[in-house]
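Note that the sequence shown covers residues 1 to 177 in this note's numbering.
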Amino acid sequence: MAPVLRRAGRAHHGVPGGARTPRGPGPQESHGVLDLDTVLGSPTAGTAIYCCGPGALLDAVEQRCAAWPAGSLHLERFRPRDGALDGGNTAFEVELDASGITLTVGAGQTLAEAIEDAGVDLPTSCREGTCGTCETYVLEGEPDHRDSYLTAEEQASGEVIMPCCSRSRSARLVLDL
Numbered sequence: 001m002a003p004v005l006r007r008a009g010r011a012h013h014g015v016p017g018g019a020r021t022p023r024g025p026g027p028q029e030s031h032g033v034l035d036l037d038t039v040l041g042s043p044t045a046g047t048a049i050y051c052c053g054p055g056a057l058l059d060a061v062e063q064r065c066a067a068w069p070a071g072s073l074h075l076e077r078f079r080p081r082d083g084a085l086d087g088g089n090t091a092f093e094v095e096l097d098a099s100g101i102t103l104t105v106g107a108g109q110t111l112a113e114a115i116e117d118a119g120v121d122l123p124t125s126c127r128e129g130t131c132g133t134c135e136t137y138v139l140e141g142e143p144d145h146r147d148s149y150l151t152a153e154e155q156a157s158g159e160v161i162m163p164c165c166s167r168s169r170s171a172r173l174v175l176d177l
């Protein structure tokens with residue numbers, strides 16, 4: 001990842017192969033717990049933090065970066081956060097604006113399943129809200145975000161949704177599909 005960040009002109013401290021950790025962090029058993037204060041340093045304008053790994057590490061990095069500017073932290077989870085997929089599963093209507101199709105998403109059906117059953121192409125991969133492959137623009141309605149991919153700010157904006165796991169808080173949702 002360090003070469004990609006270098007080409008993009010972004011800071012890459014703490015990335016294995018990056019400027020400050022040429023070897024990368026070793027296993028916790030032989031080197032102890034990762035010192036996030038040292039690895040992450042202080043927030044600076046234009047710095048982005050990219051992190052993937054076990055849930056406990058991601059939770060610790062997320063907590064450590066809570067005061068950083070919005071959008072600085074980018075996490076990749078390998079499974080949804082605990083409770084992320086919980087919530088009510090009432091039926092709702094979805095309009096696929098570009099396709100001119102309106103359909104009902106059943107209580108036991110994902111939004112992605114309903115879209116695919118209608119014959120509309122929707123790229124997916126994880127099907128649990130961790131990868132971002134199915135990100136879709138919301139034109140109207142209020143998404144019920146159940147993904148672990150979008151930041152809190154992105155979820156609050158209501159501009160996009162992950163149809164593989166998320167639903168609608170409103171009775172009707174209009175998507176740019």
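Glycine residues also receive a C-beta, built at the ideal position from the N, C-alpha and C atoms. Since this is a predicted model, take the numbers as computed values, not measurements.
Asked, Found
"Using a Cβ-Cβ cut-off of 6 Å (strictly less than) and excluding sequence neighbours within five positions of residue 169, which residues of its own chain qualify?", "142 and 144"
"Quick check: what's the CA-CA separation for residue 118 versus residue 107?", "16 Å"
"Using the beta-carbon count (16 or more within 10 Å), is residue 94 buried or exposed?", "buried"
"DSSP three-state label for residue 113, please.", "helix"
"Around the Cβ of residue 173, are there at least 16 other Cβ atoms within 10 angstroms (buried) or fewer (exposed)?", "buried"
"Would you list the one or two residues that DSSP bridges to residue 168?", "143"
"Three-state secondary structure (DSSP) at residue 39?", "helix"
"What does residue 137 pair with, by DSSP beta-bridge criteria?", "160"
"Quick check on DSSP: helix, strand or coil for residue 34?", "coil"
"What residue range is occupied by the uninterrupted beta strand (DSSP E) comprising residue 95?", "92-96"
"Express the C-alpha separation of residue 151 and residue 164 in angstroms, rounding to a whole number.", "17 Å"
"Could you check where the alpha helix (DSSP H) with residue 62 kicks off and where it finishes?", "55-64"
"For residue 79, does the count of other Cβ atoms within 10 angstroms reach 16, so buried, or fall short, so exposed?", "exposed"
"So residue 64 and residue 36 are in contact, right, with Cβ under 8 Å, and what is the actual spacing, rounded?", "5 Å"
"According to DSSP, which residues form a beta bridge with residue 104?", "93"
"When DSSP builds the beta bridges, which residues end up paired with residue 50?", "74"
"Classify residue 137: buried if its beta carbon has 16 or more other beta carbons within 10 angstroms, exposed otherwise.", "exposed"
"Among 149, 140 and 146, which residue has its Cα nearest to the Cα of residue 96?", "140"
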